[in-house]
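Working notes for the structure below.
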Amino acid sequence: MDDERRHHEALKKLSEKTFFRLDPQDFTVIMRGTEFAEDRYSHSKEFWSKREKEE
């Protein structure tokens, strides 16, 4: 039960940061850590920025 509680607390803590778009089921972010989440966010932001410029 401790692992589940820790997982939910970590998701809540990460999702409080407004610059992250996290799904509650996103175990990958919890397992890989904040650096992974920040990298994923920056790649997503670059992708959508390029896509908007192409349109």
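Mapping of the sequence shown onto UniProt numbering: residues 1 to 55, in sequence order. All residues carry an ideal CB built from backbone N, CA and C; glycine is no exception.
- DSSP places D2 in the helix class (H, G or I) of the three-state scheme.
- Secondary structure note for E16: it is in no alpha helix (DSSP H), with a DSSP letter that is neither H nor E.
- Taking C-alpha positions only, T28 is separated from E54 by approximately 31 Å.
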